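Asker:
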Amino acid sequence: MKSNCPLAVWSLILGILSIFSCGPLTGIPAIICGHLARSKIKMEPETLSGDGMALAGLIMGYFSVVLFIIFVMLGIVLAITAPLIIKMFKDMQGAAQPVCNIMFDALSFIKTGCFCC
Amino acid sequence: MLTNKGSQKEDKMDNSKPIVKFGEWIQGGLSLYRDNFVVLVLANLIATILSAVTLGILSGPMLAGIIIIVLAIIDKKDPKPEIGDIFKGFEYFLDAFLFVIIWGAVSIAVTLLLNLIPCAGQVLSVFVSIFISAMVMFGLFMIVDRKMAFWPASLASINMVKTNFFPFAGLMIVAMALGYVGALACGIGIIITMPIATCIIALAYRDLFGKP
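Chains as they are written, first to last, in this note's numbering: chain A, 42 to 158; chain B, 17 to 228.
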């Protein structure tokens, strides 16, 4: 009778947690447990099962680590470019002020014209 | 409720197209659901939570787990299937994962492309997603029941459905409509009613393909 490899079960649980909340904090242990479980199952295929669980844990662990790296890189890019973007918006607002004034005047003219009619 | 292999062969010989037994399968599916309500709903609840929490990564093996439970109920296996049997779906993790991810991605990509066409594209996208779901409706059952790989299972399902496409598509639409009835109750009800669709399609699968 085959039994589930405990490391495979741990890999699955840690993998779920890594996507749900903890990111690489549980993602990396999920990857380690997953690899260990798969090699153990390969060595003892008659007594151990749970290759699917280990694979699921591995995929979720890697996914969460990749997601975390992408978020960190996005954060760094935003932190560097944010002051430049804010400055650009301020400049644009300044340049657009006369255009906005003309549009506002035109709108108020149409409004009063309509009411007069 | 189920026809034996002999009568199934007769059906196929009488008429090269497989017969879609709408009434029998829907009625059978509903009674199967009613008789095993607790197990099916709790299994579906676990599957929905785990699929949602893992952004769909576990939806393949979870669906495979539900199919294992439903097929065990149909085959009247002893001991009776339990809620924990849903985790047996992990035995088919890779193929179930590929099946759900690839066909889901194909469906989403086609829908997005068709939605670029105004008005007609949106209507067309609904038909195309129904077409894709109907074509691969037995795929996951093949993976679980016959231990087939993702691609041969998809092809086997497509080969069966294309012989009599419209009745099969109709069955899929009716099963899905019954499954999604619960969505009317603030969306949460879908957890309670979704197993109905699985039961109906599982009965159709067992009737058409027989035991492995």
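Using N, Cα and C, we set each Cβ at its ideal position, and we do this for glycine too.
Fair warning: this is a prediction, and the values are worked out from it, not measured in the lab.
(1) Ignore the nearest five residues each way along the sequence and tell me which others in residue 67 (chain B)'s own chain have a CB closer than 6 Å to its CB.
(2) How is the alpha helix (DSSP H) around residue 221 (chain B) delimited, first residue to last?
(3) Could you check where the alpha helix (DSSP H) with residue 48 (chain B) kicks off and where it finishes?
(4) Please return the same chain residues whose Cβ sits closer than 7 Å to the Cβ of residue 19 (chain B), not counting the five positions on each side in sequence.
(5) Under 9 Å, Cβ to Cβ, is there at least one residue of chain A near residue 98 (chain B)?
(6) Between the Cα of residue 130 (chain B) and those of B:145, B:83 and B:44, spot the shortest distance and give me the residue it belongs to.
(7) Apart from the five residues just before and just after residue 206 (chain B), which ones in its own chain have a Cβ nearer than 6 Å to its Cβ?
(8) Just the C-alpha distance for residue 213 (chain B) and residue 195 (chain B), rounded to the nearest angstrom, thanks.
(9) Starting from the C-beta of residue 98 (chain B), find all residues in its chain whose C-beta is less than 6 Å away, skip the five residues before and the five after it, and write them out in chain order.
(10) So what's residue 131 (chain B) in DSSP terms, helix, strand or just coil?
(11) Does residue 175 (chain B) come out as helix, strand or coil in the three-state DSSP assignment?
(12) Pull up the CB-CB distance for residue 102 (chain B) and residue 62 (chain B), whole angstroms please, since I reckon it's below 8 Å.
(13) For residue 57 (chain B), tell me which candidate among B:225, B:114 and B:215 has the shortest Cα-Cα distance.
(14) Give the straight-line distance between the Cα atoms of residue 123 (chain B) and residue 132 (chain B), rounded to the nearest whole angstrom.
(15) Round the Cβ separation of residue 210 (chain B) and residue 60 (chain B) to the nearest angstrom and send it over; I've been treating them as touching at under 8 Å.
(16) Give the DSSP-derived three-state secondary structure of residue 60 (chain B) in the structure shown.
(17) Starting from residue 79 (chain A), trace the alpha helix (DSSP H) both ways and give me its first and last residue.
(18) Cβ of residue 94 (chain A) less than 9 Å from any chain B Cβ?
(19) Compare the beta carbon distance of residue 217 (chain B) and residue 154 (chain B) with 9 Å and say whether it is the shorter of the two.
(20) By a C-beta neighbour count over all protein chains shown, 10 Å radius and 16 as the cutoff for buried, is residue 166 (chain B) buried or exposed?
(21) Alpha carbon to alpha carbon, how far is residue 182 (chain B) from residue 47 (chain B)? Give it in angstroms, no decimals.
(22) In whole angstroms, give me the CA-to-CA distance for residue 96 (chain A) and residue 110 (chain B).
(23) Do residue 68 (chain A) and residue 56 (chain A) have their C-beta atoms closer together than 9 Å?
(24) Return the residue from the list B:193, B:221, B:186 and B:118 that minimises the CA-CA distance to residue 72 (chain B).
(25) Count the other CB atoms, across all protein chains shown, that sit within 10 Å of the CB of residue 175 (chain B); report buried if there are 16 or more and exposed otherwise.
(26) Have a look at residue 119 (chain A) and residue 103 (chain A) and give me their C-alpha separation to the nearest angstrom.
(27) Using DSSP's beta-bridge definition, name the partner residues of residue 44 (chain A).
(28) Would a check of beta-carbon distances place residue 97 (chain A) closer than 9 Å to chain B?
(29) Terminal residues of the continuous alpha helix (DSSP H) containing residue 192 (chain B)?
(30) What residues of chain A sit near residue 106 (chain B), judged by a beta carbon separation below 8 Å?
(31) What residue range is occupied by the uninterrupted alpha helix (DSSP H) comprising residue 147 (chain B)?
Answerer: Per the coordinate set shown:
(1) The count along the second sequence starts at 1 and reaches residue 67 (chain B) at position 51. Answer for residue 67 (chain B): 74, 75 and 78, listed in chain order.
(2) Your numbering for residue 221 (chain B) matches position 205 in the second sequence. Run containing residue 221 (chain B): 206-225, per the alpha helix (DSSP H) assignment.
(3) Looking up residue 48 (chain B) in the second sequence gives position 32. Residues 38-51.
(4) By 1-based counting over the second sequence, the position of residue 19 (chain B) is 3. Confidence is the limiting factor: at residue 19 (chain B) the pLDDT is only 46, short of 50, which leaves the residue's position unreliable and the question unanswerable from this model.
(5) Locating residue 98 (chain B) in the second sequence gives position 82, counting from the first residue. So, not an interface residue.
(6) Counted from its first residue, the second sequence places residue 130 (chain B) at position 114. The residue with the shortest Cα to Cα distance from residue 130 (chain B) is B:145.
(7) Taking the second sequence and counting its residues from 1, the one referred to as residue 206 (chain B) is at position 190. Closer than 6 Å at the Cβ level, and outside the excluded window around residue 206 (chain B), lie 198 and 199.
(8) Along the second sequence, read from residue 1 onward, the residue named residue 213 (chain B) stands at position 197. Along the second sequence, read from residue 1 onward, the residue named residue 195 (chain B) stands at position 179. Near 5 Å, if we compare the C-alpha coordinates of residue 195 (chain B) and residue 213 (chain B).
(9) As a position in the second sequence, residue 98 (chain B) is number 82, starting the count at 1. There are no such residues.
(10) For the purposes of this step, residue 131 (chain B) is taken as the residue at position 115 of the second sequence. Residue state, collapsed to three classes: coil.
(11) Taking the first residue of the second sequence as 1, we reach residue 175 (chain B) at position 159. DSSP places residue 175 (chain B) in helix when its eight states are reduced to three.
(12) Counting from 1 along the second sequence, the entry for residue 102 (chain B) is found at position 86. Counting from 1 along the second sequence, the entry for residue 62 (chain B) is found at position 46. About 6 Å; that satisfies the 8 Å criterion.
(13) Indexing the second sequence from 1 puts residue 57 (chain B) at position 41. The option with the nearest alpha carbon to residue 57 (chain B) is B:215.
(14) By 1-based counting over the second sequence, the position of residue 123 (chain B) is 107. By 1-based counting over the second sequence, the position of residue 132 (chain B) is 116. The straight-line gap from Cα to Cα measures roughly 15 Å.
(15) For this step, residue 210 (chain B) is matched to residue 194 along the second sequence. For this step, residue 60 (chain B) is matched to residue 44 along the second sequence. With 8 Å as the limit, residue 210 (chain B) and residue 60 (chain B) qualify as a contact, their Cβ atoms being about 6 Å apart.
(16) Residue mapping note: residue 60 (chain B) aligns to position 44 of the second sequence, counting from 1. Reduced to three states, the DSSP call for residue 60 (chain B) is helix.
(17) Along the first sequence, one-based indexing puts residue 79 (chain A) at 38. Taken as a continuous stretch (DSSP letters only), the alpha helix (DSSP H) holding residue 79 (chain A) covers 65-84.
(18) As a working note, residue 94 (chain A) is residue 53 in the first sequence. Taking Cβ atoms only, chain B reaches closer than 9 Å to residue 94 (chain A), which makes this a yes.
(19) Numbered from 1 along the second sequence, position 201 holds the residue referred to as residue 217 (chain B). Numbered from 1 along the second sequence, position 138 holds the residue referred to as residue 154 (chain B). Contact flag set, yes.
(20) Here residue 166 (chain B) is taken as the residue at index 150 of the second sequence, counted from 1. It counts as buried.
(21) For the purposes of this step, residue 47 (chain B) is taken as the residue at position 31 of the second sequence. For the purposes of this step, residue 182 (chain B) is taken as the residue at position 166 of the second sequence. Cα to Cα, the separation comes out at about 25 Å.
(22) Locating residue 96 (chain A) in the first sequence gives position 55, where the first residue counts as 1. Locating residue 110 (chain B) in the second sequence gives position 94, where the first residue counts as 1. So the two alpha carbons sit approximately 8 Å from each other.
(23) Counting from 1 along the first sequence, the entry for residue 68 (chain A) is found at position 27. Counting from 1 along the first sequence, the entry for residue 56 (chain A) is found at position 15. Yes, Cβ-Cβ distance for residue 68 (chain A) and residue 56 (chain A) is below 9 Å.
(24) Your numbering for residue 72 (chain B) matches position 56 in the second sequence. Nearest C-alpha to residue 72 (chain B): B:118.
(25) Looking up residue 175 (chain B) in the second sequence gives position 159. Classification for residue 175 (chain B): exposed.
(26) Position 78 of the first sequence, counted from the first residue, corresponds to residue 119 (chain A). Position 62 of the first sequence, counted from the first residue, corresponds to residue 103 (chain A). Cα to Cα, the separation comes out at about 24 Å.
(27) Position 3 of the first sequence, counted from the start, is the residue given in the question as residue 44 (chain A). Note: residue 44 (chain A) sits in a beta bridge opposite A:89.
(28) Residue numbering aside, residue 97 (chain A) sits at position 56 when the first sequence is read from its first letter. Yes, residue 97 (chain A) counts as interfacial toward chain B.
(29) On the second sequence, residue 192 (chain B) is found 176 positions in, with the first residue counted as 1. Looking at the DSSP string, the run of the alpha helix (DSSP H) that includes residue 192 (chain B) is 181-196.
(30) Reading the second sequence from its first residue, position 90 is the one you call residue 106 (chain B). Ordered by position in chain A, the residues that pass the 8 Å Cβ test against residue 106 (chain B) are 53, 91, 93, 94 and 97.
(31) Here residue 147 (chain B) is taken as the residue at index 131 of the second sequence, counted from 1. Where residue 147 (chain B) is concerned, the enclosing alpha helix (DSSP H) stretches over 136-151.
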